[in-house]
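To keep things clear, I will list the structure first and then write my remarks on it.
Residue numbers (UniProt numbering), protein chains in the order written: chain A, 1 to 821; chain B, 1 to 342.
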């Protein structure tokens, strides 16, 4: 509550000191015994003053006894203010707490039900652990009160009691009393609101039978019940259908929170029934679309995020609804961005033309950020291979628009397109050749243009001369990315059109060798030496024949997407991050409705880190081209050029190429490790722990387990064993992100299904399967929580193969202990 | 935490506070902080929404209206709470208290439809949907049960209802059956998609060469809705490259806000005998040869007395009461997001 402004009569200037407090004290004292008419109004003014002092942080606790004395009244407003006052000070001054309790307990027996209720509420809201014993009595009588309001408050009180002292709650038989109340209470008004309290309680107690009463509850309580139902696993399909029939009309509720909660129930219930699941998608489409288009921008953003998640999971089902994702001129840009992503996802053979036409209109948009996004979207659709011909035409039209940012984005796209569809080179190159290099300013676009100049030097007659211009302005070029690309392009051009390029290459190499940037310098030196070695060798390294790229690396792994889907209807969807990435551990779990402010703090904090990490991702993606080429050059150099060339992003895809091995690490022992593992032998055979391992355990090299199945198993199986291991300091140092450990475990045939966390805390879910096990059996599931600073790792094993657990644990242990060694 | 729960609750809080205080501003909240505190105390407990139904709240906490202030002055009483607690009443309808009394019983239905239209550069209609709401103002004594049927319920694509609407009758024979809350509320909202005929057409032309841009925008009635199209305005942001303009209209007037560079052409009532036309030239800034970005035209208008989706209320009945109330119906269609791309 904001403090009243100073000019209001309720709060004069801040009390200068003891003087004002003393004055208030005497005034209160005078009024305490008075019964004169109008005295309540005076009291109210005084109370307001006291409370406004309190809210701006002035200690008015000396007035405590006077305040309590004055509140012997039937005026509810006065009472309420008094409760606010005592509630505030009881927490800070334990000596006053007992006084407060006495005062409130007395009020709990007041003749007015409203006052009884308010007193009980304040009493329960004190939340002081050692005063629990005083709560039980009033609560018990509150639950049996003749008046509904008091009962409602009492039910909520039980919940609060449960939060601070679950045992006291159970010892006093409150759960049974509540249950009885819910089933017995005929007063539906009471029912309506009080149940929300009761439900929160049963929410914690996991009682699943609330669903049949759902229509009697208030909308908020319905949300809770639905949340609960979503966790329920029906015994057979019939039960699933019963529940869904019962809940179907909830989809037409005016409250969007109820609608979303219902959708979550539907999705979760039908998870294992593919065809019904699909029908559910069809059913929930209309309500979601309505929610998106009506309501405030905040609401439609939140709904759109959920829709986005669904579209990404099953684009096909939404492909006929693409018009809903058309951007309105007045949409805020965060909504437009989501819509663009969805348009990209739903594009297929039938609607590509319309969607691309629509996207092209956005490219002329006034909003530059959106124009860029929409061009990228067109490119993505083109890469999805529908009707590429027409799309390429569009892209080339973009180049003719002669706007710097449009040209820049388009060049990057054309480059990606050419990497995937080299057969389009003729058309593209004809147009790209016309692009004046002066219009291209952005580093990424320049790099793309240079790549094309190098790659298609033969098709572009003036390629060497354009490159020459670039080399001449080498010193002015600020971005090392562009300089690297320029060097490579000149070299490639040289292999194709040596006579024209020789001079330029010399200039470029000279410039590179004197470059201040280490990478540029090194690459220059490398090229120079290669060329010294022989032009042919150099060409084999720098410009080998390329395979077309088939799939570009996705930014967000499907594991993460599945995790987010499991957290449907939570903030995880809005942040597009699983909750463990933005929540502290202590806030997870059952108490998610606690009104703790620190949750907010951690949420904002982590959303920042989220943004940072996303932008890093984006950069990585853009650098994909140059980085991967570099990688391969190095790889080929090491193997002395004998191995056949692998296309850059292929190597990225099988996940090895991007994993930079520092030269020192590729020393002999590690190498032999890897080879052993490739042969499918378990590592334990040459590790000290091998004595423990039973020879019968051989792990399946390619076990199949999707996240959904994993989760189900994880839920079903009990924890078989829990162990703590200490990690070596090297391991801790290596664990800057989840990736390295993931890779490491994979070499031990232990696969990761989900991982997350920020340093210093990481959490992993691994699984492995016994080889020659029948499908769906012989799995070992591991939850592994690592704290890097403490160098500790806590491991929970679950398995349906308990007799092999010991040997598996040994394998796991040796694997994790070997990490970073 | 379900995000929509938070958003919905905050909207409710804002609704309730503005209902109580007649608005929601910093000053109003400061002036009435005791009431706001009381309200919040009842609306949220233990971090979870509790009582958010405005009618129930009003029974618990009296709004600070003139009547109660007068009353307190006259009687000398000071409490602004009702001494009789509403909770004790065994109402089966939490959104309604049982002892409502009016001397004039009346109920009004407002059909409000908003059009969402996108016309693309080539004049093709690429999206046309209608979002509609039925708003009801009920001032009825006792506990009346209302039923409402539509002449053509099948055109509705998706609906959502106020909690007071019973679902069974709707599912079986598309009939709305409800015991209304007292006062004003939103009975249902619906969506009708894939409509074909827009009431008006807009034909914009921007052609630019040599630093000059010719503009001509024609507006006219395409499918006469049978009612007056009123409050017609057309606005578009001026492209940043426009230095000055010289535009005239044969109907209505043109104004521009200097700060936002938006041009507004107010037509008002749509004439039936001629097509309003805006024409003239815009001068581009030096060095610009032709227009690089094309503005999007936003059209606004209102048609009273008709629902563009074609939805018609067939009949309404009030049962369970002895009197026969006055019933009123209105319909209005608005262009909410009516955009013409150029």
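All residues carry an ideal CB built from backbone N, CA and C; glycine is no exception.
Can you find the residues in the same chain that come closer than 7 Å, C-beta to C-beta, to residue i, ignoring five residues on each side of it along the sequence?
i: residue 150/B; result: 174, 311, 312, 313 and 314
i: residue 369/A; result: 333
i: residue 707/A; result: 559, 562, 753 and 754
i: residue 312/A; result: 345 and 561
i: residue 276/A; result: 270
i: residue 57/B; result: 16, 39, 42 and 51
i: residue 906/A; result: Because chain A spans 1 through 821 in this model, residue 906/A falls outside it and cannot be assessed.
i: residue 223/A; result: 257, 258 and 261
i: residue 742/A; result: 752 and 755
Closer than 6 Å by C-beta to residue i: which residues in its own chain qualify, once you throw out the five before and the five after it? Chain order, please.
i: residue 128/B; result: 117 and 195
Can you tell me the Cα-Cα spacing of residue i and residue j, whole angstroms?
i: residue 85/A; j: residue 791/A; result: 48 Å
i: residue 406/A; j: residue 428/A; result: 16 Å
i: residue 141/B; j: residue 125/A; result: 39 Å
i: residue 269/A; j: residue 234/A; result: 8 Å
i: residue 280/B; j: residue 327/A; result: 30 Å
i: residue 675/A; j: residue 384/A; result: Low confidence applies here, because residue 675/A scores a pLDDT of 39, under 50, leaving its location unreliable; read the following figure in that light. Roughly 37 Å between the two C-alpha positions.
i: residue 28/B; j: residue 186/B; result: 26 Å
i: residue 302/A; j: residue 574/A; result: 6 Å
i: residue 404/A; j: residue 448/A; result: 14 Å
i: residue 154/B; j: residue 60/B; result: 42 Å
i: residue 160/A; j: residue 46/B; result: 7 Å
i: residue 715/A; j: residue 798/A; result: 10 Å
i: residue 392/A; j: residue 121/B; result: 21 Å
i: residue 45/A; j: residue 81/A; result: 11 Å
i: residue 188/B; j: residue 135/B; result: 7 Å
i: residue 768/A; j: residue 154/A; result: 50 Å
Candidates the options: which alpha carbon is nearest residue i's?
i: residue 93/A; options: 61/A, 504/A, 103/A and 72/A; result: 61/A
i: residue 513/A; options: 538/A, 547/A and 474/A; result: 474/A
i: residue 334/B; options: 131/B, 40/B, 52/B and 23/B; result: 131/B
i: residue 124/B; options: 800/A, 70/A and 358/A; result: 358/A
i: residue 285/A; options: 309/A, 274/A, 451/A and 80/A; result: 309/A
i: residue 37/B; options: 277/A, 154/A, 79/A and 145/A; result: 79/A
i: residue 583/A; options: 360/A, 400/A and 761/A; result: 761/A
i: residue 285/B; options: 274/B, 105/B, 143/B and 210/B; result: 210/B
i: residue 109/A; options: 99/A, 120/A and 531/A; result: 120/A
i: residue 410/A; options: 539/A, 372/A, 729/A and 488/A; result: 372/A
i: residue 190/B; options: 46/A, 95/A and 287/A; result: 287/A
i: residue 254/A; options: 275/A, 295/A, 281/A and 272/A; result: 295/A
i: residue 250/A; options: 363/A, 266/A and 236/A; result: 266/A
i: residue 415/A; options: 401/A, 380/A, 400/A and 390/A; result: 380/A
i: residue 515/A; options: 786/A, 713/A and 486/A; result: 486/A
i: residue 343/B; options: 119/B, 62/B, 329/B and 144/B; result: Nothing in the structure corresponds to residue 343/B, since chain B is present only between 1 and 342.
i: residue 305/B; options: 213/B, 230/B, 177/B and 145/B; result: 230/B
CB-CB under 8 Å to residue i, same chain, minus the five flanking residues each way: which ones, in chain order?
i: residue 49/B; result: 5, 9, 12 and 43
i: residue 293/A; result: 300 and 324
i: residue 222/B; result: 197, 198, 199, 200 and 201
i: residue 295/B; result: 206, 236, 237, 238, 239 and 342
i: residue 517/A; result: 480 and 483
i: residue 339/A; result: 304, 325, 326, 327 and 331
Less than 7 Å separating the Cβ of residue i from some heavy atom of the ligand ZN?
i: residue 781/A; result: The model on display carries no ligand, and the ligand ZN is accordingly not part of it.
### Query
Given 8 Å as the limit, is there contact between the segment 496–510 of chain A and the segment 456–475 of chain A, that is, 3 or more CB pairs closer than that?
yes
### Task
Within the segment 343–367 of chain A, note down every full alpha helix (DSSP H) run reaching 4 residues or more, in order along the chain.
352–363
### Query
Which runs of the alpha helix (DSSP H) spanning at least 4 residues fall entirely within the segment 204–290 of chain A, listed in chain order?
219–231, 237–247 and 256–269
### Query
Do the segment 148–164 of chain B and the segment 218–236 of chain B touch if we need at least three Cβ pairs shorter than 8 Å?
Counting Cβ pairs under 8 Å, fewer than three are found: no touch.
### Query
Which ranges would you report for the alpha helix (DSSP H) in the segment 686–754 of chain A if only whole runs of at least 4 residues count?
707–716, 729–734 and 738–747
### Task
Tell me, please, whether the segment 101–118 of chain A touches the segment 144–162 of chain A by the rule of three or more beta-carbon pairs shorter than 8 Å.
yes
### Task
Give, in chain order, every unbroken run of the beta strand (DSSP E) that is at least 3 residues long and sits entirely within the segment 194–251 of chain B.
200–209, 212–221, 229–237 and 242–249
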